[in-house]
Every structure is written in structure tokens, then in C-alpha cells.
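First residue of the sequence shown: 72, per this note's numbering; consecutive thereafter. These notes concern the structure reproduced below.
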Amino acid sequence: MIDLHSHILPALDDGARDIVAAVDIARAAAADGVRAIAATPHVRDDFPTTPDEMRAALADLRRAVADEGLAIDVLPGGEIALPEAGALDEAALRAFGLAGNPDVLLVETPYYGWPLAFGDVIARLRRFGITPVLAHPERNGDVQDDPSRLEPFVAGGMLVQVTAASLEGRLGRRALACAQRLLELRLVHLVASDAHAPEVRAAGLSGARRRIGGAVGGWLMEEVPHAIVEQRRIPERPPARRARGLFERRRGR
Ligand SMILES: [Fe+2]
Numbered sequence: 072m073i074d075l076h077s078h079i080l081p082a083l084d085d086g087a088r089d090i091v092a093a094v095d096i097a098r099a100a101a102a103d104g105v106r107a108i109a110a111t112p113h114v115r116d117d118f119p120t121t122p123d124e125m126r127a128a129l130a131d132l133r134r135a136v137a138d139e140g141l142a143i144d145v146l147p148g149g150e151i152a153l154p155e156a157g158a159l160d161e162a163a164l165r166a167f168g169l170a171g172n173p174d175v176l177l178v179e180t181p182y183y184g185w186p187l188a189f190g191d192v193i194a195r196l197r198r199f200g201i202t203p204v205l206a207h208p209e210r211n212g213d214v215q216d217d218p219s220r221l222e223p224f225v226a227g228g229m230l231v232q233v234t235a236a237s238l239e240g241r242l243g244r245r246a247l248a249c250a251q252r253l254l255e256l257r258l259v260h261l262v263a264s265d266a267h268a269p270e271v272r273a274a275g276l277s278g279a280r281r282r283i284g285g286a287v288g289g290w291l292m293e294e295v296p297h298a299i300v301e302q303r304r305i306p307e308r309p310p311a312r313r314a315r316g317l318f319e320r321r322r323g324r
């Protein structure tokens, strides 16, 4: 599997505290079956990470992971808050390209409210030819109230990432229900860990992979992220029948 959202870089944000914790996240992810993980430090007012800081921390971590002999690749990236996505110049945005793909940007969903500027910021990125990946919208109350509000943005080229822990119910019932509904609506393109700490449950993509199962699980955690890493087109989604599997199984309990 390929995990395109993590706070593995040490001492840049609220993720890994130091290089030991960072290597521990890499070790836990590798043990969980993840072969590549994107480092996506916050880029926002409280954690104003610069591209140079991200690159320097990434180089240190890649060396440490290699020294440990871990079978996992650590890739560049950033999780850009909406105001920064609306303000940084195009070159800076591309420097945070997801998994090193300068045409794809991970954009943080606010936890509260739905900003009036959301559509303008997404449209700005699309004008640059950048594909926004919206990070964990299932945790936002307004999306929980109306998951279909993402539909026009997805129709316009935006991708959506759901967090593995949401699908396991670890981030609350509303996040779980919203994640399920987004899957039903075919509005999810990636499942990622958003790991901040080395605990296995914080990495844990394999649990979500088992839960979703079938071709859709592989599409969400292998095929789509692999295409982003390799700067290819997003592959076709498997048939809808399987996309509803998660919801049907849970309702059947
Ligand atoms: Fe994150």
C-alpha cells in the first residue's frame, strides 16, 4: 500500500517529535504493509513550514530510514491549509506537491465550518493546473451534515482523501458515517493514515484495507496513490457494486 498523508517529519508540526519517533512511524507503517509514505507536514499559520525545511527534514529522515534497513520509501509533500493554498505563489505550492508530484496538492479541510473562500481557492489551484486532494473532509461538521456538497468540486477535478481511522470508527460515529456515505457517493479517491505518532493504530492502513476489501480497497490504497507518485492519470474506479460493499456489510450486522 501507499500512504499519501502523514506527519512523519520530526519537529516541524504536531506530528513526530524527533527522528526516533519518525523512524518508529516508518517502521510501524512498513510492518503494516506500506511501501511508500508521503511526509505531509502542516503548512499553516501555526506551523508555517517552508519547502526548504520540508526538504531538509525529509533528507535526514530518508537517511535514517535507510540506515535502519526499513523497506519503505519516504516521499515529499505538505498539507496546505486553505488560506495558504489561496496565498502562496504557484512555485511554492508545487514545491509541496504530493509525493513529489508538482501537479497534485494535499489541502487541509478545516475542522469547523465551511469557508466562503473554499470554492475560490480550489478554482485557483485548478487554474494553475494543480489537482487538489482534499484531506479528511469526513471530519468536518458541514460535510457530515451534507456529504454531497463535495460533488461539484469532485466533478471539477478535485480528489478526496479519507482517513483510515475514520473508517474504523476511531474518530467518532459522525466521521465514520460520513466516510461511508462519501464512499457510497463515489466521492473518495484515497485512504491515508494522517499518522502523527508511531502507535500501530495511528498508522494502520491495513485495517481499512480489509474493511473496504475487494477492488475498491486496492484502488484507494494502491492504484490511485501509485498513479500520483508516478505522475500518471488516475485509473478508472472499479465498478460501483463493490464500492458499496463496506456500507452493505455494516448495515447487515
Ligand atoms: Fe494531516
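No residue lacks a Cβ here, since even glycine has one placed at the ideal position from N, Cα and C.
Requested in this report: Answer with yes or no whether the minimum CB distance from PRO223 to chain B is below 8 Å.
Outcome: Protein chains in the displayed structure number just one, and chain B is not present.
Query raised in the report: Is it right to say ARG134 is buried, meaning 16 or more other beta carbons lie within 10 angstroms of its own, or is it exposed?
Result: Exposed, because fewer than 16 other Cβ atoms sit within 10 Å of the Cβ of ARG134.
**Report entry** Spatial neighbours of ARG197 in its chain, beta-carbon cut-off 7 Å, leaving aside the 5 residues before and after
**Finding:** Exclusion of the five residues before and after ARG197 leaves GLY227, GLY228 as the residues of its chain whose Cβ lies within less than 7 Å of its Cβ.
Query raised in the report: Touching or not, the segment 200 to 217 and the segment 244 to 263, by the rule of three or more beta carbon pairs under 8 Å?
Result: In this structure the segment 200 to 217 touches the segment 244 to 263; the number of beta carbon pairs closer than 8 Å is three or more.
Requested in this report: Check VAL105 in the structure and name its three-state DSSP category.
Outcome: Note: VAL105 maps to coil in three-state DSSP.
Query raised in the report: What separation, rounded to the nearest whole angstrom, lies between the Cα atoms of ALA314 and LEU75?
Result: Its pLDDT being 47, under 50, ALA314 is placed unreliably by the model, and the measurement read from it follows with that caveat. Approximately 21 Å, taken between the alpha carbons.
Requested in this report: Please determine, among GLY240, LEU80, SER264, LEU230, the residue with the shortest C-alpha to C-alpha distance to ARG257.
Outcome: Ranking GLY240, LEU80, SER264, LEU230 by CA distance to the CA of ARG257 puts LEU230 first.
Query raised in the report: In three-state terms, what does DSSP make of SER77?
Result: Looking at SER77 - three-state DSSP - the assignment turns out to be strand.
Requested in this report: Compare the beta carbon distance of ILE299 and VAL175 with 8 Å and say whether it is the shorter of the two.
Outcome: Result yes, Cβ atoms of ILE299 and VAL175 sit closer than 8 Å.
Query - Rounded straight-line distance, which links the Cα of ALA142 to that of ALA29 - result: Given a span of 72 to 324 for the chain in the structure shown, any question on residue 29 remains unanswerable.
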